[in-house]
Structure formats: C-alpha cells, structure tokens
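First comes the structure, then the notes that go with it.
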Amino acid sequence: MNPLLIICLIMGIAARRYVSYPEQLVPSINWWLITVALPCLILTLIPHTTINRESLVPVAGMWCVFLGALAVAVIIGNILSWPRAVTGVVALVAGIGNTSFMGYPIVQSYYGAAGLQVAVIADQVGSFIILSTFGVMVMALCSGQTPTVKIIAQKVVTFPPFIALCLSLAIKPLGGLPEFLQTSFSQIGATLTPLALFYVGLQIALRPPRGGISPLITGVVWKLVAAPLVVWAFVVVSGASSLTQQVTVIEGAMAPMIAAAIMAQRAGLQPVLANAIQGYAILLSFITIPIWHTLLSM
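Offset between the sequence shown (1-based) and my numbering: plus 913.
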C-alpha cells in the first residue's frame, strides 16, 4: 500500500496524543476538504472520465454497497431500536467507500494503469455521485430535523461537491478545464489525501462509542466483509471482464470514505460513532484488502 496513507494517518494519531493544537484546527481542515479540495478534484477528473457499457458495472457495484448499507442499517436499527442519527451514520459511513484516496493507489499497485481507469469510474461516477446526492439526503433525513423535500433539495444543490459535479458535467463536452486551471485545481485537489488522512488520525478514537458497540460492529463488518461479498456476487453475473470484476470488488472493500464521515460530523450525526467506524475500518482494511486481493487472484 502507498506509504503516504499510513504516514499521514500516524501523524494525525500522534498529533492528537502528543501535540497541543488550535481549537479551530479540526473544523478548518473540515471546511477545506469539503469546500475546496474535493470540488477541485472533481472538476479535474469528471470531465475526462469515459463512460461505456462495461463502465456501468463498477458504478452499479458502488450502489450495491450503499443500498446494502442503508438496508442493513434500517433493519438492524429497527430491531435494536437505534436512534435515527445512529442509523444514518451507519448507512452513510459504511455505505460509501474511500474509492479514491485509498482506492486509487491500492488499485494501481495491484492492477496497474488499466485497473486505475476502472477505479476512477467507480469513484467519480459511482461513489461521488452517491455522496453528493443520496448521501446528502440521508444526512438531512437523520440529522434530527423534520426534513421536507425543499430542505433536502437545498442541502443537495448547495453542497460544494455536488455543485462541482454539475459544473464538471457541463464542461465535459468542452474537454474539461483550460490547461492552467486543470493544473492548478489538480494541485489543490492533491491536498485532500494527506490532509484528509491526517484529519482522520486527529479524530480517530479506537474505543467503542457510548450507547453500545452494535452500530460500530455493524458498520465495520458490512464495509469490510459483507459489502465486498455482495459486490463479488453481483460482478460474477454481470458478464464484465475479469479486470473490471476484480477492481470493482476491491473498490467495494475499501474503508469508509473520509468525506462521508466528515459530512456526518458536520451534520451532528454521532461524530464519535462516525469516527470510530471509520478509524477501526481504516486500520483493519490494511489486513482485509490484501486478503480480498488474494481471494480474487485464486
């Protein structure tokens, strides 16, 4: 795996434990990631993503992960009488994988440039669209308010990554951004990986949140074990090439997307639980992803 992922995560964990940092550091990093870095990355990648019939397989695979997480969270949440906010966190954080900032370097190391193209489609046309639309809807529905269609729509259309997605689709026929903007935005977007993983390390809490560990276990087991199994079953019957099948499963096995956990925190949706699911899943994924890769290669 890319050493940058581990180094930035460890630096964040060390800073949380040993360094006195400004009170506004965490919300400031949060703002930069969601409002600046993530939109810049979308604007540089989406206009250059080619979509064909087989491209629908990795996209559909990411929807399997999200819809499965939503169903699992609702069913188990009803059985165990979870608060609505807890159900929302499990669905949101366990339903959207870190298919770019962990996914890209891992897929490239396993499958090369050809695999990376599949990963970009899974991420940009799958995960980011889910995050920008239905992810925001789940966040609104579970944030403790009584949402209306107007409130949900307002949250969607004012969410910076969604705005960037719309702009990206609009400029796609033009070939994307001008060269000077493409270069500048790519460099700004590149700050997301180190900052986001440092942010995770800064927030990581490897202890069960108050109120029980069932949501934590549900989220982690779904994201790292059950979701890849569901995606594998789907791609086997899809008729896609072996490369597309394997990359789609690996992307489905990624730990939760950092932006999804950040969204949950910004909405006040059980931030301790969101960080716990993400923290445990990220650390355990360094074990589970190589296992999935080995199984797929057999």
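Glycine included, every Cβ here is placed at the ideal spot set by N, Cα and C.
Asked, Found
"Let me know if A927 comes out buried or exposed under the rule of 16 or more other beta-carbons within 10 Å of its beta-carbon.", "exposed"
"Below 7 Å between beta carbons: does that hold for C953 and F1147?", "no"
"Smallest Cα separation from T1207: which of Y1023, V1062, G1192?", "Y1023"
"So, helix, strand or coil for G981, using DSSP?", "helix"
"Which runs of the alpha helix (DSSP H) at least 4 residues long sit entirely within the stretch 1105-1182? Give them in chain order.", "1105-1116, 1127-1134, 1140-1149, 1155-1165, 1171-1179"
"Give the secondary structure of G1008 by DSSP, where H, G and I count as helix, E and B as strand, and everything else as coil.", "helix"
"Between which residues of its own chain and T1131 is the CB-CB distance below 8 Å, once the five residues before and five after are set aside?", "V985, A986, I989, V1003, A1007"
"Is DSSP giving V932 helix, strand or coil here?", "coil"
"In whole angstroms, what is the alpha-carbon distance linking L1080 and L980?", "26 Å"
"Am I right that C921 and A998 are in contact with their C-beta atoms under 8 Å? What's the rounded C-beta distance?", "That pair is no contact at about 29 Å."
"If you measure between the beta carbons of M1170 and I1009, is that distance less than 7 Å?", "yes"
"What span of residues does the alpha helix (DSSP H) with T1201 cover, start to end?", "1184-1210"
"The ligand ZN and S1040: does the residue's C-beta get closer than 6 Å to at least one heavy atom of that ligand?", "The ligand ZN is absent from the structure shown, which contains no ligand whatsoever."
"When the Cα of A1053 is compared with those of I1200, P1203, R1179, which residue comes out closest?", "R1179"
"If you draw a straight line from the alpha carbon of A1032 to that of P971, how long is it in whole angstroms?", "8 Å"
"Pairs of beta-carbons, one from the stretch 1014-1021 and one from the stretch 1097-1116, closer than 8 Å: are there three or more?", "yes"
"Ignore the nearest five residues each way along the sequence and tell me which others in V1133's own chain have a CB closer than 8 Å to its CB.", "A1007, I1190, Y1193, A1194, L1197"
"Quick one: Cα of P1128 to Cα of V1185, how far?", "12 Å"
"To which residues of the same chain is Q1116 closer than 6 Å at the C-beta, ignoring the five residues directly before and after it?", "N1188"
"Tell me, to the nearest whole angstrom, how far the beta carbon of F1093 is from that of T1046; I am working on the premise that it is less than 8 Å.", "Not quite, the Cβ-Cβ distance comes to about 30 Å (not below 8 Å), so this is no contact."
"By a C-beta neighbour count over all protein chains shown, 10 Å radius and 16 as the cutoff for buried, is P960 buried or exposed?", "buried"
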